[in-house]
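Residue numbers (the working numbering), protein chains in the order written: chain A, 85 to 593; chain B, 9 to 206.
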């Protein structure tokens, strides 16, 4: 048995389960989560990008410090018993500790973190990194059973022992990721997508989405149309990433490592789901709306360019989910046929998108109405966030649109924005906009969107910015060049393919 | 480097990005699907699958095995040889200073025997490495049982079902280690057993 297999045997968990466990972990006898959302997100990015050189280097230094701190079982005590895993708790823990300092090395608590001096080597493990390093420790301790017993390998030893530990940790993570990441499956998917779409124009790819799905649906991971869409977007993104990295490499000789580039790209990609940025209050969209939109917004950058694919996913995903459920519950073929016959037309999807954009517009106007007595700087930030609103500015207004923009751009140099901007100037500039806002606000009664439940202005400014971006994505999908007749014809053609595939896949013929 | 090498390198890197994105998306979706492990869930009699347990939870359970939540974790620990070994190791590793309640749990060493139709079951407190742990040994002459590589033993106490997986040690001898407080602590007198062969 290879070491990797042994690791898997010891862990018994795949990457997703492991991360889920860590996500849910609380402190001892407490409801407080042990690892912050930011730390979990970074761990996901690090592990998925296999970009763990830096963090294992930090952990190896921290471990070295711990074995040179007076007391027994310090790694166990620090990470798991005392749980000194946040910046402040770690700082207090080390401030209350004494260190074993020798002629060749010295450990000291400094402002930014814990500083290691080994001969000429100086390294600081920052307080702000303690939580994510601890999260990695939680992963590693399940992979390496004797990780907590490294004292004898490190105590009294120098930089080389830290290098060896960091290297061992990287090796274990690499071997583990080989076994628990879907590399073989991922490879098959990538090859299939490359062969099908490798040299295709994005419009052709989009137009052939449903027929391509049918052709590739037997590849593991592609049976569900929504998963196929997601992988197609990953594929297009990977192509773009390489183009971008190569372009950067040509411009800059000191190009970053490929792991770092991948990390940066995945990190940027992970930021794009605007729906996850919506605040819990005010609640803008229903759960059903969010669920339906989520498939688009997970890959918003490519959804904009793939309108036919988006319509297909929206139209057929729900029916497919129902069919999978029907198969699991041994439902009758009649029930399954009913499900298949009731897929929603592409025009219904477009109406749904238009309706969602309209709700968002009403919500934004309501936010604006609620801000009418706000600090001017917030109000102007809100108005200028929406280009459609700016276009409502009267050309004969006291201040011009460009004036507002200029003022906004110079805000950072203005000591007191309220002295420079007044709501009156805005009202004069855009009377129609504020009339619309007042009108919209009378129809909206949701929590956080009424005078009685008014929230902080910052929430409204932030919400307006998110909704502007959401509507921008929706509008770019809606505005594709297709007549009503061609939409109808495309739906009938795609639906025929999908019904055929669903029937073969889910109904005993 | 010729064009073919360039293309190969490009494809390989694109595949790495693709794999990273797919992995990240899987992680993100896993998160949104909600908790797989319900803290309040009871161990079901048929539930022998390994419930994922974090290392932190194992440590918490050593520190305070008697809390309601940690008792739940303990039952899960007993369903997995891997976790049982880790937990066992932790108990040895952590001094009782970390766990005063563990130290006070029980010190009465004893061996209790339960006889079934074709097996004998021993709960041995004395010969475990930690006073809170119990060695469970099953001896049997039953040919069908003897042919198994492991046995799933279901102990019932009051209305609670406590699953144990006994590994084959020798012909006709199976054993497991479990936490006394989860199995025998108050239950030594009333424990009843049932064996499932999978």
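C-beta atoms are modelled at their ideal positions from N, C-alpha and C, and glycine is treated no differently.
| Item | Value |
| --- | --- |
| Which parts of the stretch 388–422 of chain A are runs of the alpha helix (DSSP H), unbroken and 4 residues or longer, counting only runs that do not cross its ends? | 391–412 |
| Hey, does residue 225 (chain A) have any beta-carbon neighbour from chain B nearer than 8 angstroms? | yes |
| So is residue 384 (chain A) in contact with chain B if we call contact Cβ pairs under 8 angstroms? | no |
| What three-state label does DSSP hand residue 155 (chain A) in the structure shown? | coil |
| Which full runs of the beta strand (DSSP E) of 3+ residues lie inside the stretch 259–304 of chain A, going along the chain? | none |
| Within the same chain, show all residues whose beta-carbon is closer than 8 angstroms to that of residue 659 (chain A), passing over the 5 residues directly before and after it, in chain order. | Nothing in the structure corresponds to residue 659 (chain A), since chain A is present only between 85 and 593. |
| Using the beta-carbon of each residue, which ones in chain A are nearer than 7 angstroms to residue 30 (chain B)? | 266, 270, 315 and 318 |
| Can you tell me the Cα-Cα spacing of residue 429 (chain A) and residue 561 (chain A), whole angstroms? | 16 angstroms |
| Output needed for residue 553 (chain A): all residues of its chain with C-beta closer than 6 angstroms, excluding positions within five of it in sequence on either side, in chain order. | 358 |
| Residue 321 (chain A) by DSSP, collapsed to three states: which one? | helix |
| For a test of the three-state rule: what should DSSP assign to residue 184 (chain B), helix, strand or coil? | strand |
| Could you name each continuous alpha helix (DSSP H) segment of 4 residues or more that falls completely within the stretch 420–446 of chain A, going from the start of the chain to the end? | none |
| Which residues in chain A sit within 9 angstroms of residue 173 (chain B), going by Cβ to Cβ distance? | Neighbours of residue 173 (chain B) on chain A: none; closest Cβ ~13 angstroms, over 9 angstroms. |
| Nearest-angstrom Cα distance between residue 27 (chain B) and residue 320 (chain A)? | 12 angstroms |
| Looking at chain B, is there any beta carbon in it that lies within less than 8 angstroms of the beta carbon of residue 323 (chain A)? | yes |
| At least one CB of chain A closer than 8 angstroms to the CB of residue 62 (chain B): is that the case? | yes |
| Do residue 306 (chain A) and residue 68 (chain B) have their C-beta atoms within less than 8 angstroms of each other? | no |
| Which residues mark the beginning and the end of the beta strand (DSSP E) in which residue 206 (chain A) is found? | 205–210 |
| If the cut-off is 9 angstroms on Cβ atoms, which residues from the stretch 426–450 of chain A count as contacting chain B, listed in chain order? | none |
| How would you write the range of the beta strand (DSSP E) that residue 165 (chain A) sits in, first residue to last? | Careful: residue 165 (chain A) lies outside any beta strand (DSSP E) and carries neither H nor E. |
| Is residue 192 (chain A) helix, strand or coil when you go by DSSP? | strand |
| Exposed or buried, residue 172 (chain A), counting other C-beta atoms within 10 Å across all chains shown (16 or more means buried)? | exposed |
| Is residue 149 (chain B) helix, strand or coil by DSSP? | coil |
| With a 10 Å radius around its C-beta and 16 neighbouring C-beta atoms as the bar for buried, classify residue 597 (chain A) as buried or exposed. | Outside the modelled stretch of chain A, which goes from 85 to 593, sits residue 597 (chain A), for which no answer is possible. |
| Answer with yes or no whether the minimum CB distance from residue 157 (chain B) to chain A is below 8 angstroms. | no |
| Residue 324 (chain A): which of A:403, A:511, A:451 and A:352 sits nearest, CA to CA? | A:352 |
| Would you report the Cα separation of residue 209 (chain A) and residue 461 (chain A), rounded to the nearest angstrom? | 40 angstroms |
| Please report how far the alpha carbon of residue 269 (chain A) lies from the alpha carbon of residue 276 (chain A), in whole angstroms. | 11 angstroms |
| Between residue 164 (chain A) and chain B, is the shortest Cβ-Cβ distance under 8 angstroms, so that the two count as touching? | yes |
| Within 10 Å of its beta-carbon, does residue 81 (chain B) have 16 or more other beta-carbons around it, so buried, or fewer, so exposed? | buried |
| In this structure, does DSSP put residue 468 (chain A) in helix, strand or coil? | helix |
| Taking the beta strand (DSSP E) that residue 197 (chain A) belongs to, which residues open and close that run? | 197–202 |
| From the beta carbon of residue 71 (chain B), is the nearest beta carbon of chain A less than 8 angstroms away? | yes |
| What residues are listed by DSSP as bridge partners for residue 175 (chain B)? | B:158 and B:183 |
| Residues in the same chain with beta-carbon distance under 6 angstroms from residue 65 (chain B), minus the five sequence neighbours each way, listed in chain order, please. | 81 |
| Kindly indicate which three-state DSSP category residue 117 (chain A) falls into: helix, strand or coil? | strand |
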